[in-house]
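Undergrad: For the sequence shown, our numbering begins at 7 and goes up steadily by one.
Glycine included, C-beta positions come from ideal geometry on N, C-alpha and C.
First the structure, then my questions, so here it is.
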Amino acid sequence: MELPVSVYIVLGTVILTALGRHLIKKGEEQIDIDRQKDDYTRMVKSQKDREIVARFDEDRFWNIIEEVLERSGSSYRNFLGLFKDKVRTLPEEEIIMLDNLLIKLYRENLTFDLYAASTIIFKSEDLINSYLLMNVFMTKGRVFFKQACKSPELVLGKSFEDVDGRLINDVLSELYFAKTKELMPIPVDEEWDIPGEKWKFRDLPEKYPELWAAFN
Numbered sequence: 007m008e009l010p011v012s013v014y015i016v017l018g019t020v021i022l023t024a025l026g027r028h029l030i031k032k033g034e035e036q037i038d039i040d041r042q043k044d045d046y047t048r049m050v051k052s053q054k055d056r057e058i059v060a061r062f063d064e065d066r067f068w069n070i071i072e073e074v075l076e077r078s079g080s081s082y083r084n085f086l087g088l089f090k091d092k093v094r095t096l097p098e099e100e101i102i103m104l105d106n107l108l109i110k111l112y113r114e115n116l117t118f119d120l121y122a123a124s125t126i127i128f129k130s131e132d133l134i135n136s137y138l139l140m141n142v143f144m145t146k147g148r149v150f151f152k153q154a155c156k157s158p159e160l161v162l163g164k165s166f167e168d169v170d171g172r173l174i175n176d177v178l179s180e181l182y183f184a185k186t187k188e189l190m191p192i193p194v195d196e197e198w199d200i201p202g203e204k205w206k207f208r209d210l211p212e213k214y215p216e217l218w219a220a221f222n
């Protein structure tokens with residue numbers, strides 16, 4: 007049965023109206039995206055230097071880790087979520103102090119062997135992956151963290167499938183922003199020497215054969 011012309015006109019109007027609403031919505035979304043970009047740019051330009059240099063108590067930190075481990079199982083993502091809930095009530099000063107402690111732990115435990123392990127596992131020479139690997143070690147507790155930083159081959163047989171690239175530091179930055187609507191102050195930039203024997207990427211298969219075979 008052929009529909010009356012008026013029906014086609016109505017259908018066309020409905021379609022055009024829906025399309026118009028869709029385009030308006032897309033336009034509003036783009037405006038919102040542009041606004042967010044502008045807001046972020048302003049926050050970056052106004053980001054403060056870090057004045058708080060004190061560190062969170064290390065024993066207290068590891069106690070929090072142990073409490074979270076009891077509920078997170080072996081999931082890195084679950085760990086980050088539960089850790090965030092656990093420290094959510096900390097004042098912004100202690101959030102900065104906790105970030106300071108993490109930076110200290112990275113600097114004290116980073117070696118070229120650990121850097122090599124993170125490069126092999128995450129297939130990138132970006133140094134931040136070494137911090138990510140240390141975060142994974144942290145989710146296994148204080149003793150494992152200390153041992154694995156000295157002997158990264160302890161990761162053999164472990165899965166990294168649910169490690170999504172986020173650090174505990176990222177969680178802290180999110181909490182700080184939620185409390186202050188500001189980016190966390192920039193930490194003091196200090197140079198330090200990484201202990202161990204330097205390597206080139208091409209040397210890794212021969213220098214670390216077990217790690218290379220396990221993750222490639």
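#1: For the 8 Å Cβ check, are there 3 or more pairs between the segment 50-64 and the segment 122-139?
#2: Helix, strand or coil for D195, going by three-state DSSP, please let me know.
#3: Under 8 Å by Cβ, that's how I've got K90 and L181 pegged, so tell me the actual separation to the nearest angstrom.
#4: Nearest-angstrom Cα distance between K146 and L75?
#5: Evaluate D119 with the Cβ neighbour count: other Cβ atoms within 10 Å of its Cβ, from every protein chain shown; 16 or more gives buried, anything less gives exposed.
#6: Would you mind working out which of P191, L108 and L210 sits nearest K51, comparing C-alpha positions?
#7: If you run the structure through DSSP and keep just helix, strand and coil, what is D170?
#8: How big is the Cα-Cα spacing for T186 and P97?
#9: With DSSP as the reference, label E63 as helix, strand or coil.
#10: For L132, does the three-state DSSP call read helix, strand or coil?
#11: With distances taken Cα to Cα, identify the nearest neighbour of D105 among K204, F221, S179 and L189.
#12: Starting from the C-beta of M103, find all residues in its chain whose C-beta is less than 6 Å away, skip the five residues before and the five after it, and write them out in chain order.
#13: Tell me the DSSP secondary structure of I15 in three-state form.
#14: Hey, out of I127, R83, F166 and E159, whose CA is closest to N222's CA?
#15: For I15, collect the residues of the same chain with a Cβ closer than 7 Å to its Cβ; drop the 5 residues on either side in sequence, then sort them by chain order.
#16: Distance check for P215 and D223, CA to CA, integer angstroms please.
#17: Ordered along the chain, which non-local residues of its own chain (more than five positions away) have a Cβ less than 8 Å from that of V149?
#18: Here's the rule I'm using: 16 or more other beta-carbon atoms within 10 Å means buried, otherwise exposed. How should G18 be labelled?
#19: Helix, strand or coil, according to DSSP, for P10 in the structure here?
TA: Let me lay it out:
#1: no
#2: coil
#3: 7 Å
#4: 7 Å
#5: buried
#6: P191
#7: coil
#8: 10 Å
#9: Per the sequence shown, the amino acid found at residue 63 is Asp instead of Glu. The answer is coil: DSSP assigns D63 none of H, G, I, E or B.
#10: Note that residue 132 is Asp in the sequence shown, not Leu. If DSSP states are grouped into helix, strand and coil, D132 belongs with coil.
#11: S179
#12: A60, R61 and F62
#13: In this prediction, I15 scores a pLDDT of 47, lower than 50, which makes its location untrustworthy; no coordinate-derived value is stated.
#14: I127
#15: Unreliable positioning characterises I15 in this predicted model, as indicated by a pLDDT of 47, which lies under 50. The coordinate reading is nonetheless provided below. Around I15: no qualifying Cβ.
#16: Any answer about residue 223 is impossible in this case: the structure gives the chain only from 7 up to 222.
#17: none
#18: Caution is warranted here: a pLDDT of 47 is assigned to G18, below 50, making its placement in the model unreliable, and no coordinate value can be reported.
#19: In this prediction, P10 scores a pLDDT of 48, lower than 50, which makes its location untrustworthy; no coordinate-derived value is stated.
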